[in-house]
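Worksheet for the structure shown next.
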(Lines of atoms letter the chains of each structure in order from A and count residues from 1; the text may use other names and numbers.)
(Lines give C-alpha, C1' and ligand atoms only; values in the text may rest on other atoms or scores of the structure.)
Protein backbone atom coordinates (compact mmCIF):
# COMPACT_ATOMS: atom_id res chain seq x y z
CA UNK A 1 0.00 0.00 0.00
CA UNK A 2 1.47 3.32 -1.08
CA UNK A 3 0.32 6.42 0.78
CA UNK A 4 0.47 9.73 -0.99
CA UNK A 5 0.89 12.99 0.86
CA UNK A 6 -1.45 15.76 -0.19
CA UNK A 7 -1.30 19.48 0.51
CA UNK A 8 -3.90 19.27 3.30
CA UNK A 9 -1.74 16.67 5.10
CA UNK A 10 0.67 19.45 6.08
CA UNK A 11 -2.13 21.14 8.03
CA UNK A 12 -3.09 17.83 9.66
CA UNK A 13 0.55 17.30 10.64
CA UNK A 14 0.92 20.84 12.00
CA UNK A 15 -2.28 20.46 14.02
CA UNK A 16 -1.06 17.19 15.56
CA UNK A 17 2.25 18.79 16.51
CA UNK A 18 0.43 21.78 18.02
CA UNK A 19 -1.78 19.49 20.12
CA UNK A 20 1.28 17.57 21.34
CA UNK A 21 3.04 20.80 22.33
CA UNK A 22 0.03 22.03 24.30
CA UNK A 23 -0.44 18.66 25.99
CA UNK A 24 3.22 18.47 26.99
CA UNK A 25 3.15 22.02 28.34
CA UNK A 26 0.20 21.07 30.53
CA UNK A 27 2.11 18.11 31.98
CA UNK A 28 4.68 20.40 33.59
CA UNK A 29 3.80 21.31 37.17
CA UNK A 30 5.70 22.67 40.14
CA UNK A 31 6.21 19.05 41.18
CA UNK A 32 7.94 18.12 37.90
CA UNK A 33 11.61 17.31 38.58
CA UNK A 34 14.00 19.82 36.98
CA UNK A 35 15.65 17.29 34.64
CA UNK A 36 12.29 15.98 33.44
CA UNK A 37 11.00 19.54 32.97
CA UNK A 38 14.05 20.41 30.90
CA UNK A 39 13.57 17.33 28.72
CA UNK A 40 9.89 18.14 28.13
CA UNK A 41 10.66 21.78 27.27
CA UNK A 42 13.30 20.68 24.74
CA UNK A 43 10.82 18.26 23.17
CA UNK A 44 8.18 20.98 22.91
CA UNK A 45 10.63 23.38 21.29
CA UNK A 46 11.77 20.69 18.87
CA UNK A 47 8.21 19.82 17.84
CA UNK A 48 7.22 23.49 17.53
CA UNK A 49 9.54 23.97 14.56
CA UNK A 50 7.65 21.34 12.63
CA UNK A 51 4.40 23.24 13.13
CA UNK A 52 5.88 26.26 11.37
CA UNK A 53 7.69 24.18 8.77
CA UNK A 54 4.53 22.24 7.91
CA UNK A 55 2.45 25.39 7.63
CA UNK A 56 5.01 27.08 5.38
CA UNK A 57 4.98 24.00 3.15
CA UNK A 58 1.20 24.13 3.13
CA UNK A 59 1.25 27.84 2.19
CA UNK A 60 3.57 27.26 -0.76
CA UNK A 61 1.70 24.21 -2.04
CA UNK A 62 -1.67 25.94 -1.60
CA UNK A 63 -0.40 29.07 -3.32
CA UNK A 64 0.42 27.00 -6.38
CA UNK A 65 -2.74 24.91 -6.00
CA UNK A 66 -0.81 21.64 -5.92
CA UNK A 67 -3.28 18.76 -6.24
CA UNK A 68 -2.76 15.07 -5.57
CA UNK A 69 0.58 13.61 -4.53
CA UNK A 70 2.82 16.49 -3.44
CA UNK A 71 5.90 14.35 -4.04
CA UNK A 72 5.48 15.13 -7.74
CA UNK A 73 5.62 18.86 -7.04
CA UNK A 74 8.62 20.82 -8.32
CA UNK A 75 8.86 22.41 -4.87
CA UNK A 76 9.76 19.13 -3.19
CA UNK A 77 12.70 18.87 -5.56
CA UNK A 78 14.03 22.27 -4.43
CA UNK A 79 16.46 22.27 -1.48
CA UNK A 80 15.24 25.71 -0.36
CA UNK A 81 11.78 24.22 0.09
CA UNK A 82 12.88 20.90 1.60
CA UNK A 83 15.07 22.52 4.24
CA UNK A 84 14.53 22.37 7.99
CA UNK A 85 15.92 25.91 8.21
CA UNK A 86 12.83 28.00 8.99
CA UNK A 87 14.34 31.27 7.79
CA UNK A 88 15.27 29.73 4.42
CA UNK A 89 11.78 28.30 4.14
CA UNK A 90 10.27 31.75 4.79
CA UNK A 91 12.58 33.22 2.15
CA UNK A 92 11.49 30.56 -0.34
CA UNK A 93 7.82 31.31 0.33
CA UNK A 94 8.41 35.04 -0.13
CA UNK A 95 10.38 34.50 -3.36
CA UNK A 96 7.46 32.45 -4.67
CA UNK A 97 5.11 35.34 -3.75
CA UNK A 98 3.16 33.37 -1.14
CA UNK A 99 0.81 35.43 0.98
CA UNK A 100 2.59 35.30 4.33
CA UNK A 101 3.08 39.03 4.81
CA UNK A 102 2.08 40.38 8.20
CA UNK A 103 2.48 37.06 10.00
CA UNK A 104 4.44 37.43 13.25
CA UNK A 105 7.91 35.88 13.15
CA UNK A 106 7.63 35.14 9.43
CA UNK A 107 7.58 38.67 8.04
CA UNK A 108 6.70 40.77 11.07
CA UNK A 109 8.91 40.99 14.15
CA UNK A 110 7.66 39.55 17.39
CA UNK A 111 8.99 39.83 20.92
CA UNK A 112 12.76 39.45 21.12
CA UNK A 113 12.62 36.09 22.93
CA UNK A 114 10.24 34.68 20.34
CA UNK A 115 12.37 35.95 17.45
CA UNK A 116 15.38 34.34 19.07
CA UNK A 117 13.56 31.01 19.48
CA UNK A 118 12.43 31.17 15.84
CA UNK A 119 15.92 32.00 14.53
CA UNK A 120 17.67 29.37 16.64
CA UNK A 121 15.33 26.46 15.99
CA UNK A 122 17.17 23.47 14.63
CA UNK A 123 16.42 19.78 14.28
CA UNK A 124 19.42 19.11 16.54
CA UNK A 125 17.24 20.06 19.52
CA UNK A 126 15.91 16.54 19.26
CA UNK A 127 19.19 15.35 20.76
CA UNK A 128 19.68 18.05 23.39
CA UNK A 129 20.08 16.80 26.93
CA UNK A 130 20.22 20.23 28.50
CA UNK A 131 18.30 23.36 27.63
CA UNK A 132 17.72 26.73 29.19
CA UNK A 133 14.14 27.24 28.04
CA UNK A 134 11.60 28.71 30.43
CA UNK A 135 8.08 27.31 30.47
CA UNK A 136 6.40 30.73 30.35
CA UNK A 137 8.45 31.94 27.38
CA UNK A 138 7.99 28.67 25.53
CA UNK A 139 4.25 28.77 26.23
CA UNK A 140 4.14 32.26 24.69
CA UNK A 141 6.12 30.96 21.69
CA UNK A 142 3.67 28.07 21.23
CA UNK A 143 0.80 30.58 21.30
CA UNK A 144 2.56 32.58 18.57
CA UNK A 145 3.13 29.35 16.64
CA UNK A 146 -0.60 28.65 16.90
CA UNK A 147 -1.30 32.14 15.56
CA UNK A 148 1.00 31.44 12.59
CA UNK A 149 -1.00 28.24 11.99
CA UNK A 150 -4.30 30.15 12.10
CA UNK A 151 -3.07 33.08 9.99
CA UNK A 152 -1.78 30.82 7.22
CA UNK A 153 -5.07 28.90 7.27
CA UNK A 154 -7.00 32.18 7.00
CA UNK A 155 -4.91 33.15 3.96
CA UNK A 156 -5.07 29.66 2.43
CA UNK A 157 -8.27 27.98 3.67
CA UNK A 158 -8.57 24.20 3.38
CA UNK A 159 -10.61 23.18 0.38
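Residue numbers (the numbering used here): 4 to 162.
Glycine included, C-beta positions come from ideal geometry on N, C-alpha and C.
A quick note: this is a predicted structure, and the numbers were derived from the prediction, not measured.
Which partner residues of residue 107 appear in the DSSP bridge assignment? Sequence index remark: in the chain shown, residue 107 carries index 104 (1-based). Paired residues: 111.
Where does residue 164 fall in DSSP's three states? It is not possible to answer for residue 164, since the shown part of the chain is limited to 4 through 162.
What are the start and end residues of the alpha helix (DSSP H) that includes residue 79? Counting from one through the chain shown, the residue named residue 79 turns up at place 76. Premise fails: residue 79 is in no alpha helix (DSSP H) and is neither H nor E.
Determine the direct distance from the alpha carbon of residue 48 to that of residue 82, and round the result to whole angstroms. The sequence position of residue 82 within the chain shown is 79, counting from 1. The sequence position of residue 48 within the chain shown is 45, counting from 1. Spanning the two alpha carbons is a distance of roughly 24 Å.
Between the Cα of residue 107 and the Cα atoms of 17, 98, 120, 72, which residue gives the shortest distance? Position 104 of the chain shown, counted from the first residue, corresponds to residue 107. Residue 107 has its Cα closest to that of 120, out of 17, 98, 120, 72.
Taking DSSP as the reference, what is the three-state secondary structure of residue 137? Translated into the one-based positions of the chain shown, residue 137 becomes position 134. Residue state for residue 137 is assigned as coil, using DSSP reduced to three classes.
Using DSSP with H/G/I as helix, E/B as strand and the rest coil, what is residue 58? What you label residue 58 is simply residue 55 of the chain shown in a count that begins at 1. Looking at residue 58 - three-state DSSP - the assignment turns out to be helix.
Apart from the five residues just before and just after residue 55, which ones in its own chain have a Cβ nearer than 7 Å to its Cβ? On the chain shown, residue 55 is found 52 positions in, with the first residue counted as 1. Cβ-Cβ distances below 7 Å link residue 55 to 89, 148, 151 in the same chain, with the five nearest sequence neighbours on each side left out; the list follows chain order.
From residue 40 to residue 122, what does the alpha carbon distance come to, in whole angstroms? The count along the chain shown starts at 1 and reaches residue 40 at position 37. The count along the chain shown starts at 1 and reaches residue 122 at position 119. Those two C-alpha atoms are separated by around 23 Å.
Would you report the Cα separation of residue 21 and residue 124, rounded to the nearest angstrom? One-based indexing of the chain shown puts residue 21 at position 18. One-based indexing of the chain shown puts residue 124 at position 121. Going from the Cα of residue 21 to the Cα of residue 124 covers about 16 Å.
Rounded C-alpha distance that separates residue 161 from residue 68: Residue numbering aside, residue 161 sits at position 158 when the chain shown is read from its first letter. Residue numbering aside, residue 68 sits at position 65 when the chain shown is read from its first letter. Rounded to whole angstroms, residue 161 and residue 68 show a C-alpha spacing of 11 Å.
Between 53, 74, 30, which lies nearest to residue 42 when the distance is taken from Cα to Cα? Mapped onto the chain shown, residue 42 falls at position 39. Closest by alpha carbon: 30.
Below 7 Å CB to CB, which residues in the same chain sit around residue 118 once its five sequence neighbours on both sides are set aside? Mapped onto the chain shown, residue 118 falls at position 115. 108, 112.
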